[in-house]
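Residue numbers (UniProt numbering): 1 to 150.
Below, the structure written as structure tokens:
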């Protein structure tokens, strides 16, 4: 059902020419592991993130999405790594990628749209990590410039 709602919303945005801005977080622990999420409505492992609420800044949205999806509280000042162009069901989307190295683990459970969350060594990601997620992780850890396309 969630997938259908997203599809319909994206088709309306495409028809109306409305672009969206989204946020993603590459959360890195002290052992250089990355935190990934698996959604209930789409396959593969992804970076946590989502859309901005009306009037919300990208950084605040990223912190909110991280807490909702993983239960972590972002601390300190996250680094804005890159801005990307992306198409979601034909609609324009512009995700911003933040790197988060300071966080606090909360007891709160992740939201119902998340099937599972897990830490992975950045060099040993599972085969079901999406290509774009794998590329963003590589950009950060290998000191590459951000690509233009998500």
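Backbone N, C-alpha and C define an ideal beta-carbon position, used for all residues, glycine too.
All values derive from a computational prediction rather than experimental measurement.
(message) At the 8 Å Cβ level, is residue 70 part of the contact set with chain D, yes or no?
(response) Protein chain content of the structure displayed is limited to a single chain, and chain D is not contained in it.
(request) Keeping to the same chain, check which residues put their C-beta closer than 8 Å to that of residue 116; ignore five residues upstream and five downstream. (result) Counting from one through the chain shown, the residue named residue 116 turns up at place 116. Counting only Cβ-Cβ distances below 8 Å, and skipping sequence neighbours, we find 37 and 38.
(request) State the CB to CB distance for the pair residue 125 and residue 137, rounded to an integer number of angstroms; the pair is presumed to be in contact (CB under 8 Å). (result) For the purposes of this step, residue 125 is identified with residue 125 of the chain shown, where counting begins at 1. For the purposes of this step, residue 137 is identified with residue 137 of the chain shown, where counting begins at 1. About 7 Å separates the Cβ atoms of residue 125 and residue 137, confirming a contact at the 8 Å cut-off.
(message) In this structure, how does DSSP classify residue 78 when only helix, strand and coil are distinguished?
(response) Translated into positions along the chain shown, residue 78 becomes position 78. In the structure shown, residue 78 sits in coil (DSSP, three-state: anything other than H, G, I, E or B).
(message) Just to confirm my understanding: we take residue 47, look at its own chain, exclude 5 residues before and 5 after, and list those with CB closer than 7 Å. What are they?
(response) Counted from its first residue, the chain shown places residue 47 at position 47. Hits under 7 Å: 24, 25, 26, 36, 133 and 136.
(message) Considering only DSSP beta bridges, list what residue 94 is partnered with.
(response) Locating residue 94 in the chain shown gives position 94, counting from the first residue. Answer is 21, bridged to residue 94.
(request) Pick out whichever of 69, 129, 104 and 147 has its Cα sitting closest to the Cα of residue 112. (result) One-based indexing of the chain shown puts residue 112 at position 112. For the residues 69, 129, 104 and 147, the minimum Cα distance to residue 112 belongs to 69.
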